[in-house]
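Once you know that position 217 of the sequence shown is 303 in my numbering, the rest is easy, because the numbers rise by one and skip nothing. Using N, Cα and C, we set each Cβ at its ideal position, and we do this for glycine too. Reviewing the structure listed below.
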Amino acid sequence: MDNKEFWSSSYLQLESCEPRREMGEWCEWGEWGACEFATCTRTRRRVCDCPSPADWKTGACAAVLPQDDIRIGRCIIPFFFKGRYYGDCEKIGSATTPQCLANLSNRRVTAKCKPEIKSMEERDVGPCDDWRLAQGWSQTGIPSRTRTIIDARSDVGKQCYNPKLFYVQTSTLEPCPEKYYFSASGQRNVYSNLNNLAFSPENCKFACAIDPKCIAVEFSEGFFCNLLTTFANDKLTRQVGTTTFTKPRTCVKKQRNVDPINYPYALALEDLYAGVV
Numbered sequence: 087m088d089n090k091e092f093w094s095s096s097y098l099q100l101e102s103c104e105p106r107r108e109m110g111e112w113c114e115w116g117e118w119g120a121c122e123f124a125t126c127t128r129t130r131r132r133v134c135d136c137p138s139p140a141d142w143k144t145g146a147c148a149a150v151l152p153q154d155d156i157r158i159g160r161c162i163i164p165f166f167f168k169g170r171y172y173g174d175c176e177k178i179g180s181a182t183t184p185q186c187l188a189n190l191s192n193r194r195v196t197a198k199c200k201p202e203i204k205s206m207e208e209r210d211v212g213p214c215d216d217w218r219l220a221q222g223w224s225q226t227g228i229p230s231r232t233r234t235i236i237d238a239r240s241d242v243g244k245q246c247y248n249p250k251l252f253y254v255q256t257s258t259l260e261p262c263p264e265k266y267y268f269s270a271s272g273q274r275n276v277y278s279n280l281n282n283l284a285f286s287p288e289n290c291k292f293a294c295a296i297d298p299k300c301i302a303v304e305f306s307e308g309f310f311c312n313l314l315t316t317f318a319n320d321k322l323t324r325q326v327g328t329t330t331f332t333k334p335r336t337c338v339k340k341q342r343n344v345d346p347i348n349y350p351y352a353l354a355l356e357d358l359y360a361g362v363v
């Protein structure tokens with residue numbers, strides 16, 4: 087049996103030796119709903135039902151933040167006029183068609199909002215859900231330049247207090263620095279996932295999700311989050327304690343032709359790789 091067959095056969099449901107707790111866990115976030123043009127907002131939901139708890143009074147999903155189960159966000163429905171981007175959606179008067187408002191040479195003009203999404207935010211990495219994973223595998227024999235090692239001592243890899251990861255603040259952890267960037271429309275977007283990369287598989291995957299060159303990660307809790315720009319089934323080897331995640335094909339396909347100059351995650355990526363060393 088070759089490595090490819092080993093890889094395919096490694097997707098196993100592991101059973102714990104300890105008694106299993108029948109408690110709910112958070113399921114994956116659902117798709118964003120349609121934009122409500124009256125308020126220019128959209129809604130995304132997830133449920134504490136994976137698996138369904140035996141008793142709904144004792145679910146394991148504590149809602150640390152209000153948006154932990156329902157996220158209501160502003161719609162970003164941009165349009166372009168003479169090569170310039172305008173991303174603020176606004177309901178104007180009694181118009182039945184959603185309009186976008188912009189200032190052009192001191193004139194306020196309106197135009198129909200086009201459906202193409204040209205501005206991405208943290209919440210818009212939706213196609214990067216449903217990563218494929220395998221316990222105990224890592225890549226071997228790949229060029230060193232294709233693997234970025236984010237260890238537990240680096241600025242973005244080290245453990246710090248993030249309320250999304252820890253329910254209770256401890257004196258041993260310093261608060262994580264808040265990373266935020268402004269979109270083309272001037273909206274302030276917080277990147278609360280760019281920390282604890284060597285301690286949270288979700289944050290490790292998020293770092294890969296926003297990098298178009300990254301197609302897989304190797305994660306070992308408390309040790310490293312490795313971002314890979316290449317992946318091959320015939321270069322897999324067993325490595326106890328390491329979990330390999332591959333980016334979904336839909337996400338890879340969507341990111342193939344991004345504009346490196348106007349890419350909305352460009353500043354976040356600069357900070358990410360600056361914090362690796």
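Item: Tell me, please, which residues DSSP counts as bridged to Ser278.; Value: In the DSSP output, where bridge partners are listed per residue, Ser278 has none listed.
Item: Between Ala352 and the rest of its own chain, which residues show a CB-CB distance below 8 Å, the 5 nearest in sequence each way excluded?; Value: Pro346
Item: In angstroms, rounded to a whole number, what distance separates the CA positions of Arg335 and Phe317?; Value: 13 Å
Item: Can you give the Cα-Cα distance for Leu251 and Thr234, rounded to whole angstroms?; Value: 24 Å
Item: In the structure shown, what three-state DSSP assignment does Val195 receive?; Value: Low per-residue confidence applies at Val195: pLDDT is 46, beneath 50, and the placement is therefore not dependable enough to give any value.
Item: Considering only the beta carbon of each residue, do Lys265 and Ala360 sit closer than 8 Å?; Value: no
Item: Under the assumption that Ala302 contacts Leu283 (Cβ atoms under 8 Å), give the Cβ distance between them as a whole number of angstroms.; Value: At roughly 15 Å, the Cβ-Cβ gap does not stay under 8 Å, so Ala302 and Leu283 are not in contact.
Item: To the nearest angstrom, report how far apart Ser286 and Leu219 are at their CA atoms.; Value: 15 Å
Item: Answer with buried or exposed for Ser224, where buried requires no fewer than 16 other C-beta atoms within 10 angstroms of its C-beta.; Value: buried
Item: Distance check for Asp357 and Tyr277, CA to CA, integer angstroms please.; Value: 11 Å
Item: Measure the Cβ-Cβ separation of Phe310 and Ala238 and say whether it is below 8 Å.; Value: yes
Item: Please state whether DSSP places Glu304 in a helix, a strand or coil.; Value: strand
Item: In whole angstroms, what separates the C-alpha of Gln73 from that of Thr226?; Value: The chain is shown from 87 up to 363; residue 73 falls before or after that span and cannot be answered.
Item: Measuring only the C-alpha atoms, how far is Gln245 from Leu259?; Value: 7 Å
Item: Name the two residues that bound the continuous beta strand (DSSP E) containing Cys311.; Value: 310-314
Item: Going by beta carbon distance, what residues of the same chain come within less than 6 Å of Thr328, once the five residues before and after it are set aside?; Value: Ser224, Glu304, Ser306
Item: On the three-state DSSP scale, how would you describe Ala226?; Value: According to the sequence displayed, residue 226 carries Thr and not Ala. Three-state DSSP puts Thr226 in coil, outside helix and strand.
Item: Go to Leu353, then tell me how far its alpha helix (DSSP H) extends in each direction, as first and last residue.; Value: 352-360
Item: Which whole-angstrom value describes the C-beta separation of Ile236 and Asn312, a residue pair presumed to lie in contact below a C-beta threshold of 8 Å?; Value: 7 Å
Item: Thinking just about the alpha-carbon of each residue, which of Asp297, Pro263, Leu280 is nearest to the one in Asn343?; Value: Asp297
Item: So, at 7 Å on beta carbons, what are the nonlocal neighbours of Arg231 in its own chain, with the 5 sequence-adjacent residues on each side left out?; Value: none
Item: Return the CA-CA distance between Cys290 and Pro350, expressed in angstroms with no decimal places.; Value: 19 Å
Item: Name the one or two DSSP bridge partners that Asp237 has.; Value: Phe310
Item: Ignore the nearest five residues each way along the sequence and tell me which others in Gln341's own chain have a CB closer than 7 Å to its CB.; Value: Pro298
Item: What is the rounded straight-line gap between the Cα of Asn248 and the Cα of Pro263?; Value: 9 Å
Item: Does the distance from the C-beta atom of Asn279 to that of Phe292 stay below 8 Å?; Value: yes
Item: Starting from the C-beta of Gln221, find all residues in its chain whose C-beta is less than 6 Å away, skip the five residues before and the five after it, and write them out in chain order.; Value: Thr329
Item: Any idea if Lys333 is buried or exposed, counting beta-carbon neighbours within 10 angstroms, 16 or more meaning buried?; Value: buried
Item: Which same chain residues end up closer than 7 Å to Asp241 when comparing Cβ atoms and leaving out the 5 residues on each side of it in sequence?; Value: Gly361
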